[in-house]
């Protein structure tokens with residue numbers, strides 16, 4: 010892979026700045042049937058919780074204009090099963106793993122972080138304080154700066170690898186949240202998670218999703234995500250992995266220009282399982298068109 014795309018972040022030496030977003034790629038193994046996972050910059054695996062979670066009742070997914078709603082509810086087999094099976098299977102690929110950590114209580118986050126951070130192929134954690142689709146935990150930690158700072162600090166105390174915190178857009182002041190987790194010791198920020206939305210059935214007038222609300226993702230949220238990355242990148246001194254509606258190489262360029270150092274691709278993986286490698290393959294030609302040698306030469310150009 011060309012050095013023009015290599016990006017180094019805390020705990021992560023990325024061949025390129027493109028990775029699948031957590032929750033949109035399962036544990037990656039299904040996509041290994043389509044292409045070599047080693048081509049990716051990293052893999053953000055599906056959230057791990059202390060105990061297995063069965064998720065929300067169905068229907069849990071609905072299409073929307075320029076996006077989709079989901080209310081999966083952090084379904085997963087539990088941290089120990091993930092470590093014993095999923096992570097072991099991923100060891101055959103030359104790609105760093107970012108483990109997404111979730112919970113209902115602070116102690117749950119701490120437990121999962123302490124254990125999963127010891128897996129040999131886990132290079133960083135993504136602290137999920139922003140899932141809008143669970144009744145307890147998740148978003149309750151992602152809307153109050155002091156709570157988020159405290160949780161970040163607790164996880165940092167036990168983690169064997171750098172900790173990135175995933176921020177919610179469903180807040181009044183995203184900058185305050187970013188500053189809080191930085192003060193709590195976060196090594197980086199991932200942003201944004203989904204916006205909260207509802208889709209109604211046109212015949213019944215009732216919500217399509219059993220949970221009523223779901224997380225809105227896809228191209229529809231990209232302008233919001235770009236705005237928030239633009240704001241946060243100017244006030245923190247830790248790197249940002251940007252996400253929200255990335256579909257092609259020019260979307261990647263937009264996030265880097267707004268201040269991100271790397272990106273995560275979510276909904277596009279559902280539309281096209283080859284989305285990530287296609288984007289990676291086209292990035293260098295985009296750099297050629299812009300007349301720059303390395304992708305990070307573009308970082309923050311929106312405000313510089």
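Numbering (the working numbering), first residue to last: 10 to 313. Glycine included, every Cβ here is placed at the ideal spot set by N, Cα and C. Note that the structure is a prediction, hence the values are computed from the model and not measured.
- Where residue 287 is concerned, the enclosing alpha helix (DSSP H) starts and stops at 284-299.
- For residue 17, the secondary structure class from DSSP, reduced to helix, strand or coil, is strand.
- Closest in alpha carbon position to residue 223, among 22, 297 and 71, is 71.
- Fully contained in the stretch 142-223 are the following alpha helix (DSSP H) runs of length 4 or more, in chain order: 154-167 and 183-192.
- In this structure, the straight-line span from the alpha carbon of residue 59 to that of residue 151 is close to 19 Å.
- Contact check for residue 53 against residue 271 fails: the beta carbons are separated by 8 Å or more.
- According to DSSP, residue pairing for residue 73 in a beta bridge involves 76.
- Between the stretch 14-25 and the stretch 188-204 there are three or more inter-stretch CB-CB distances shorter than 8 Å, so the stretches are counted as touching.
- Around the beta carbon of residue 126, a 10 Å sphere encloses 16 or more other beta carbons of the protein chains shown; the residue is thus reported as buried.
- Residue 98 has its alpha-carbon roughly 32 Å from the corresponding atom of residue 228.
- Around the CB of residue 307, 16 or more other CB atoms lie within 10 Å, so the residue is classed as buried.
- Sequence-distant Cβ neighbours of residue 33 in its own chain, meaning closer than 6 Å and more than five residues away, are 275 and 278.
- Excluding five sequence positions before and after residue 45, the CB atoms of its chain that fall closer than 8 Å to its own CB belong to 102, given in chain order.
- A direct Cα-to-Cα measurement between residue 40 and residue 282 gives close to 7 Å.
- The residues 288, 291, 292 and 295, in chain order, have a CB closer than 6 Å to that of residue 258 in the same chain once the five nearest residues on each side in sequence are set aside.
- For the pair residue 121 and residue 88, the CB atoms are nearer than the 8 Å cut-off.
- In the three-state scheme derived from DSSP, where H, G and I count as helix and E and B as strand, residue 139 is classed as coil.
- The stretch 209-216 makes no contact with the stretch 181-192; the number of CB pairs closer than 8 Å stays below 3.
- According to DSSP, residue 108 shares a beta bridge with 134.
- Spatial neighbours of residue 255 in its own chain (CB-CB distance under 8 Å, excluding positions within 5 residues in sequence) are listed in chain order as 231, 261, 264, 272, 273, 274, 275, 277 and 288.
- If you compare the alpha carbons of 210, 74 and 184 with that of residue 236, the shortest gap goes to 184.
- Residue 27 carries a strand assignment under DSSP once its states are collapsed to helix, strand and coil.
- With contacts defined by Cβ atoms closer than 8 Å, residue 175 and residue 139 form a contacting pair.
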